[in-house]
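Participant:
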């Protein structure tokens, strides 16, 4: 069986190579969209980890700290910090803004925070925002230290850089002093959320305490629909891969009718021939899966969205490859089973 399979691969290596290359590209795209989906989760975990704290407080009735906008008085953080069960509490302001104008306009997520408090980021270059007009921005905004930019008519200067501090599918973040962020919203002493370490043991009227799991769910709300689309695209890509390999296997089976007849004439069963087709298709898919990892890594830098490849994504790929290979081999099964051994002597 193995000898039949390997000999056929060797004899029809051009067809085999076409199947492998085409399927590797499709598998690579499937792995890439899987990485984008996982990237949303990784991005959210990274951002929440950078913000600190283990509970968030928002106004009761608000949809969430990231998707809603229901400000509270910032000094409530000081009151909560003194509440039983709370070790530390700081106000933060979260809202989107636009940097630049016209075709150069870019959306950023503004995070206003207290110096040294929750939300104050770890830098990869420069210094923290300490004076009026200072800003720490993510590298993805493509601004250098010392550059100036405007938001809502107010001027800011980049004094520090962070990396990997994005959310909402790769939108970069600008970290400002709490007072500067408040000024962008009209100057009131407000906060959109309060981040705490610990949780109050008493009910706070008018406020809602959220654990990190609920905060993460709110952070991922805007990309949930995109995740559903990604899952559908991934299934379509698996189907395309099966069609590619199936088409090559079918063409190979058409060319091997006389081979099948000869093999049956010398005693080979239909089961052996069908198994040989399945093995050939599975080998093609497994080789394609190995190449797909390289394809996905090559494509990663050109994708503007966060991409993260987990161990489970790599582990599932060969399993899917085997399933796709077995299913695609069915295209040639009928030809192998129905071949008459007498065809081996046709024209004799």
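Numbering (the working numbering), first residue to last: 74 to 421. We treat Cβ as the ideally placed atom computed from N, Cα and C, and that holds for glycine. These numbers were taken from a predicted model, which means no experiment stands behind them.
1. Does the distance from the CB of residue 354 to the CB of residue 322 come in under 7 Å?
2. Within 8 Å, do at least three Cβ pairs link the stretch 388–395 to the stretch 119–127?
3. Using the beta-carbon count (16 or more within 10 Å), is residue 146 buried or exposed?
4. Taking only three categories from DSSP, how would you classify residue 421?
5. Helix, strand or coil for residue 207 per DSSP?
6. Using a threshold of 7 Å, state whether the C-beta atoms of residue 316 and residue 164 are closer than that.
7. Closer than 8 Å is the cut-off here; do at least three beta carbon pairs connect the stretch 248–255 with the stretch 368–388?
8. Do you know how far the Cα of residue 309 is from the Cα of residue 166?
9. DSSP on residue 233, reduced to helix/strand/coil?
10. For residue 266, write down the residues that DSSP places opposite it in a beta bridge.
11. Are there three or more Cβ pairs, one per stretch, closer than 8 Å when the stretch 205–214 is compared with the stretch 235–245?
12. Looking only at C-alpha atoms, which of 98, 91 and 89 sits nearest to residue 422?
13. Taking only three categories from DSSP, how would you classify residue 391?
14. Decide if residue 87 is buried, meaning its Cβ has at least 16 other Cβ atoms within 10 Å, or exposed.
Facilitator: Let's see:
1. The residue given as residue 354 occupies position 281 in the chain shown. The residue given as residue 322 occupies position 249 in the chain shown. A contact, by the Cβ cut-off of 7 Å.
2. no
3. Walking along the chain shown from the start, residue 146 turns up at place 73. Its Cβ having fewer than 16 others within 10 Å, residue 146 is exposed.
4. Mapped onto the chain shown, residue 421 falls at position 348. Because the pLDDT at residue 421 is just 48, under 50, the model does not fix this residue reliably, and the value given afterwards should be weighed accordingly. The answer is coil: DSSP assigns residue 421 none of H, G, I, E or B.
5. Counting from one through the chain shown, the residue named residue 207 turns up at place 134. It is a strand residue.
6. By one-based count along the chain shown, residue 316 stands at place 243. By one-based count along the chain shown, residue 164 stands at place 91. Cβ distance not < 7 Å, so residue 316 and residue 164 don't count as in contact.
7. no
8. Your numbering for residue 166 matches position 93 in the chain shown. Your numbering for residue 309 matches position 236 in the chain shown. So the alpha carbons of these two residues sit roughly 41 Å apart.
9. On the chain shown, position 160 is the one that residue 233 refers to. Correct three-state label for residue 233: strand.
10. Numbered from 1 along the chain shown, position 193 holds the residue referred to as residue 266. 165.
11. yes
12. What is shown of the chain runs 74 to 421, which leaves residue 422 out entirely.
13. Along the chain shown, one-based indexing puts residue 391 at 318. Three-state DSSP puts residue 391 in a helix.
14. Taking the chain shown and counting its residues from 1, the one referred to as residue 87 is at position 14. Exposed, because fewer than 16 other Cβ atoms sit within 10 Å of the Cβ of residue 87.
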